[in-house]
Amino acid sequence: MKKVVNSLLAVAVASASGSLLAAGFALNEQSVSAMGTSFAGRSSSANDATTVYGNPAGMALLKGEQASVGAAVILAKTRIDDTSATAPMGGALAGSNDGDMVPFTGVPMGFYVNPLNEQWTFGLGFYVPYGMITEYEKGFQGRFFGDYSEVNVVTLQPTLSYRVNDYLSLGFGPTFNRVEGRLETAALVDNGRIVIEGDDTAVGFNAGLLLELSERTRLGVTYHSMVDYRLEGKTSVSGIPAPVNGDYQTTLDLRTPEMIDSSITHQLNDRWTVYAGAAWTRWSRLQTIKPVSAFPVALEEKQHWNNSWSYATGVSYALSKELTLRSGIAFDQSPTNNHERSPRIPSGDRVAISFGLGWTLSEQMSLDLAYSYLREEDTDIHLEKPRKGSYSAVYKNSAHGLGAQLNYFF
Numbered sequence: 075m076k077k078v079v080n081s082l083l084a085v086a087v088a089s090a091s092g093s094l095l096a097a098g099f100a101l102n103e104q105s106v107s108a109m110g111t112s113f114a115g116r117s118s119s120a121n122d123a124t125t126v127y128g129n130p131a132g133m134a135l136l137k138g139e140q141a142s143v144g145a146a147v148i149l150a151k152t153r154i155d156d157t158s159a160t161a162p163m164g165g166a167l168a169g170s171n172d173g174d175m176v177p178f179t180g181v182p183m184g185f186y187v188n189p190l191n192e193q194w195t196f197g198l199g200f201y202v203p204y205g206m207i208t209e210y211e212k213g214f215q216g217r218f219f220g221d222y223s224e225v226n227v228v229t230l231q232p233t234l235s236y237r238v239n240d241y242l243s244l245g246f247g248p249t250f251n252r253v254e255g256r257l258e259t260a261a262l263v264d265n266g267r268i269v270i271e272g273d274d275t276a277v278g279f280n281a282g283l284l285l286e287l288s289e290r291t292r293l294g295v296t297y298h299s300m301v302d303y304r305l306e307g308k309t310s311v312s313g314i315p316a317p318v319n320g321d322y323q324t325t326l327d328l329r330t331p332e333m334i335d336s337s338i339t340h341q342l343n344d345r346w347t348v349y350a351g352a353a354w355t356r357w358s359r360l361q362t363i364k365p366v367s368a369f370p371v372a373l374e375e376k377q378h379w380n381n382s383w384s385y386a387t388g389v390s391y392a393l394s395k396e397l398t399l400r401s402g403i404a405f406d407q408s409p410t411n412n413h414e415r416s417p418r419i420p421s422g423d424r425v426a427i428s429f430g431l432g433w434t435l436s437e438q439m440s441l442d443l444a445y446s447y448l449r450e451e452d453t454d455i456h457l458e459k460p461r462k463g464s465y466s467a468v469y470k471n472s473a474h475g476l477g478a479q480l481n482y483f484f
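Here our numbering is used: the first residue of the sequence shown is 75, the next is one more, and so on.
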């Protein structure tokens, strides 16, 4: 029985990744001004203080002390079709498949930039680079493969940029990251329950360069480092008819992947600007999950995530001195594979289209608004595990995102 509980623990932890917003469990919503163009040009635009995340070198191009604060809200929708399941101890398993398991979610952000002299600029960022939550209804048919998952990472990033010359700027900033997670799953019998929770703090860094090819063209490259966590917490087991119920200290090593984001921004004329970008994320770091706890048997769960690419292109149009309109389209690969995909990560490749605007309210204040619609390809889940039964379904995911950002110039 202890081996069974170990298996359930490992599967639950291994499945704790996924988001309807970006590849894996990454989030894109660190800038509403960039959201309007589907994040095309994120590393080359340097429109406002959100460049602290998008490309820290871009701070060198900003004029004067300024701050940007905002938030994006996500409304996700899922339909689950063609379902079937068997119980851990054999036989058909009944249950519901209501879908819409991602609750209404908000993603905050805040940035500050202050030029120190003609060459050096200081910046500070607060944002959420990773996060996900799925909360299925009680009696969900796939409950033995996970019915509640929540992972959040919050980052604080102090940053410096240096303007080397009229063409080249560099930026660097350490990141101080706090991760918290909670996973729940049914275990062995319907009243059996495993709850895993833990947290950790770790350090990484962001670095970037910005090259001004001409007065109208900029090329940017940003590197977001891997962050190495060791989550510490507990595993609570209840409702299993064996002497294994109780709390167990648990640790889990987790690495969030490095990402390289590159883009180009080109101003066609005084009104039109075009953007294009590509980002590569090293999700292949998530190959196996090895939870360590007081259980006598440690099991290794295979994930086999793949490195992924995302591509985006966008455009902005200056309707007047006060109002700029934006639009963009993006394609995002999913790192999951068809063999280990679970209800915690029911995502596939997706396409997003965005619209936004930048509105100058006064000499000291401007407002950015954005809307995005995301739709994924139909995604299959086919899972069968010893002592967990099986679950098969087709997920049809989509999401709406709304963002608002206020910029203040001191």
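Idealized CB from N, CA, C, for every residue including glycine.
In the DSSP assignment, find the alpha helix (DSSP H) that holds A19 and state where it starts and stops. Because the chain in this structure spans residues 75 to 484, residue 19 falls outside the shown range and cannot be described.
State the start and end residues of the unbroken beta strand (DSSP E) segment that holds L311. Here the sequence assigns Val to residue 311, which means Leu is not the residue at that position. Counting along the chain, the beta strand (DSSP E) containing V311 begins and ends at V301 to S312.
When you compare only the Cα positions, how much space is there between I334 and F113? 14 Å
Using the C-alpha atoms, what's the distance from A350 back to F405? 12 Å
Exposed or buried, which one is D442 when buried takes at least 16 other CB atoms within 10 Å? buried
If I'm right that A261 touches I268 with Cβ under 8 Å, what's the distance once you round it to whole angstroms? 5 Å
Candidates T330, T291, L393 and N381: closest to R345 by CA position: L393
Leaving aside the five residues before and after T195 along the sequence, list all residues of the same chain whose C-beta is less than 6 Å from its C-beta, in chain order. M133, A134, P189 and S235
Excluding the 5 residues flanking P331 on each side, which residues of the same chain have their C-beta closer than 7 Å to its C-beta? M300, T355, R356, W357 and R359
Work out the CA separation of E254 and T325 for me, nearest whole Å. 12 Å
Exposed or buried, which one is P177 when buried takes at least 16 other CB atoms within 10 Å? exposed
Just verifying my parser: in three-state terms, what is the DSSP assignment at W357? helix
Could you pull the start and end residues of the beta strand (DSSP E) that T125 belongs to? Looking at the DSSP string, T125 is not in any beta strand (DSSP E); the run it does join, the alpha helix (DSSP H), is T125 to G128.
Host beta strand (DSSP E) of L257 (start-end): L242 to A261
In this structure, how does DSSP classify R400 when only helix, strand and coil are distinguished? strand
For W433, does the count of other Cβ atoms within 10 angstroms reach 16, so buried, or fall short, so exposed? exposed
Taking the straight line between their C-alpha atoms, what separation do you get for Y303 and N102? 21 Å
Have a look at the DSSP bridge pairing and note the partners of H474. L149 and Y447
Would you tell me roughly how many angstroms separate the C-alpha atoms of T259 and T124, rounded to the nearest one? 38 Å
Kindly list the residues whose CB is nearer than 6 Å to the CB of W383, restricted to its own chain and excluding five residues on each side of it in sequence; keep chain order. W354 and Q407
Give me the DSSP bridge partner(s) of W194. Y236
Going by C-alpha distance, which of R400, H298, F200 and T347 is nearest V181? F200
With contact counted as at least three CB pairs below 8 Å, one residue from each stretch, are the segment 290-297 and the segment 223-242 in contact? no
Just to confirm my understanding: we take F185, look at its own chain, exclude 5 residues before and 5 after, and list those with CB closer than 6 Å. What are they? A123, T124, V126, S142 and G199
Is V366 buried or exposed, if buried means 16 or more other CB atoms sit within 10 Å of its CB? exposed
State yes or no: is the C-beta of H378 within less than 9 Å of the C-beta of L149? no
For A114, does the three-state DSSP call read helix, strand or coil? coil
Under 8 Å, with one C-beta from each stretch per pair, do the segment 202-209 and the segment 164-174 reach the 3-pair mark? no
Cutoff 6 Å; reference F429; Cβ partners in own chain excluding five residues on either side: S401 and Y445
Short Cβ contact (9 Å threshold) for P232 with G282: no
When you compare each of S436, H413 and P409 to D423 by their alpha carbons, which one comes out closest? P409
Starting from G169, follow the beta strand (DSSP E) in both directions and report where the run begins and ends. Note, G169: premise wrong, no beta strand (DSSP E); not H, not E.
Which class does A88 belong to by DSSP, given the choice of helix, strand or coil? A caution first: A88 carries a pLDDT of 35, below 50, which makes its placement in the model too unreliable to give a value.
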